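A short worksheet on the structure shown next.
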Amino acid sequence: MWITNLREGRRYLVGSGGPHDRYPGDDTAGFEKMLRQFMPRWMAFDMLLVGERFLTDGMLPKVGDVERLTTLLGRPLRTYRDFITEITAAA
Numbered sequence: 012m013w014i015t016n017l018r019e020g021r022r023y024l025v026g027s028g029g030p031h032d033r034y035p036g037d038d039t040a041g042f043e044k045m046l047r048q049f050m051p052r053w054m055a056f057d058m059l060l061v062g063e064r065f066l067t068d069g070m071l072p073k074v075g076d077v078e079r080l081t082t083l084l085g086r087p088l089r090t091y092r093d094f095i096t097e098i099t100a101a102a
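For any residue, its number in the numbering used here is found by taking its place in the sequence shown, counting from 1, and adding 11.
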């Protein structure tokens, strides 16, 4: 995963030994704190929620996940291509 430090104008690959390269383990609060150094607080918080969800639910979908996510979102799932087409058509 690449992390961009906008203040320095540099990108670091996590695991590359860059200044922000620190695996926080399951400490999602520590991860959020680290991210707040170079991204808006709302975005760091969003990443915290993503990290917590990843730790609790994992990466592989289980039976019923599509239906659960569809219900949670209140709309059918769509591909990234469809999402981009939708938002560019609205612009």
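C-beta: ideal position from N, C-alpha, C; glycine also. Note that the structure is a prediction, hence the values are computed from the model and not measured.
- In this structure, Ala100 is the residue among Phe65, Arg86, Ala100 with its C-alpha nearest to the C-alpha of arginine 92.
- Within 10 angstroms of the beta-carbon of glutamate 43 lie 16 or more other beta-carbons, which makes it buried.
- The Cβ atoms of leucine 71 and threonine 39 lie no closer than 7 Å to each other.
- By the C-beta density criterion, methionine 54 is exposed, having fewer than 16 other C-beta atoms within 10 angstroms.
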